[in-house]
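> End of the sequence shown = 104 in full-length UniProt numbering, gap-free, step of one.
Don't be surprised by glycine CBs; every beta carbon is placed ideally from N, CA and C.
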Amino acid sequence: MNSPVTTTIFILVAIAVVFLIIRRQEASGRSMLDAWAKDEGILLVSAKRCGFWRGPFWLADQGKAVFRIAVTDKESGTLRQGWACCGTFITSGMEVKVVVKWDS
1 MNSPVTTTIF
11 ILVAIAVVFL
21 IIRRQEASGR
31 SMLDAWAKDE
41 GILLVSAKRC
51 GFWRGPFWLA
61 DQGKAVFRIA
71 VTDKESGTLR
81 QGWACCGTFI
91 TSGMEVKVVV
101 KWDS
């Protein structure tokens with residue numbers, strides 16, 4: 001029987017599950033970004049997770065984490081800003097990677 005209490009509990013559990021999925025995706029994306037920055041020899045100054053506005057990655061599916069990033073080159077000290085999309089890409093053989101598009 002569908003009582004108001006059962007419905008409320010179901011809704012609260014569903015919200016909690018969605019919240020946990022989003023947090024896990026953000027943590028995974030952030031760790032991918034940190035590894036990418038280390039591999040590229042740059043310092044990740046800031047990384048802000050994008051929700052609705054996903055910049056040049058507006059077509060990226062919701063399984064990918066998109067960040068607005070700022071980095072500094074460790075050698076030259078040059079500051080660059082751009083967008084980073086972290087996740088699994090079918091076009092590259094299901095490779096898990098970070099794709100970056102820099103601002104002009």
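#1: Give a yes or no on whether the C-beta atoms belonging to F67 and G29 are separated by under 8 Å.
#2: Is it right to say A60 is buried, meaning 16 or more other beta carbons lie within 10 angstroms of its own, or is it exposed?
#3: Which of helix, strand or coil does DSSP assign to L44?
#4: Going by beta carbon distance, what residues of the same chain come within less than 7 Å of K74, once the five residues before and after it are set aside?
#5: Round the Cβ separation of I69 and S46 to the nearest angstrom and send it over; I've been treating them as touching at under 8 Å.
#6: Compare the beta carbon distance of L33 and V98 with 8 Å and say whether it is the shorter of the two.
#7: Within 10 angstroms of its Cβ, does V18 collect 16 or more other Cβ (buried), or is it exposed?
#8: Restricting to Cα atoms, I'd like to know which of A84, I15, S3 is closest to C50.
#9: Spatial neighbours of residue 109 within its chain, please: CB distance less than 6 Å, with the 5 preceding and 5 following residues excluded, ordered by chain position.
Let's see:
#1: For the purposes of this step, residue 67 is taken as the residue at position 67 of the sequence shown. For the purposes of this step, residue 29 is taken as the residue at position 29 of the sequence shown. Taking 8 Å as the Cβ cut-off, F67 and G29 qualify as a contacting pair.
#2: If you number the sequence shown from 1, residue 60 lands on position 60. By the neighbour-count rule (16 or more Cβ atoms within 10 Å), A60 is buried.
#3: On the sequence shown, residue 44 is found 44 positions in, with the first residue counted as 1. Here L44 sits in strand by DSSP.
#4: Locating residue 74 in the sequence shown gives position 74, counting from the first residue. Once the five neighbours on either side are set aside, the close Cβ partners of K74 are G41, I42, L43.
#5: Sequence index remark: in the sequence shown, residue 69 carries index 69 (1-based). Sequence index remark: in the sequence shown, residue 46 carries index 46 (1-based). Indeed they touch by this definition, with Cβ atoms about 7 Å apart.
#6: Here residue 33 is taken as the residue at index 33 of the sequence shown, counted from 1. Here residue 98 is taken as the residue at index 98 of the sequence shown, counted from 1. The answer is yes: Cβ separation under 8 Å.
#7: Mapped onto the sequence shown, residue 18 falls at position 18. So V18 ends up on the exposed side.
#8: Within the sequence shown, the letter at position 50 stands for residue 50. Among A84, I15, S3, the Cα nearest to that of C50 is on A84.
#9: An answer regarding residue 109 cannot be provided, because it is not within the stretch 1 to 104 covered by the chain.
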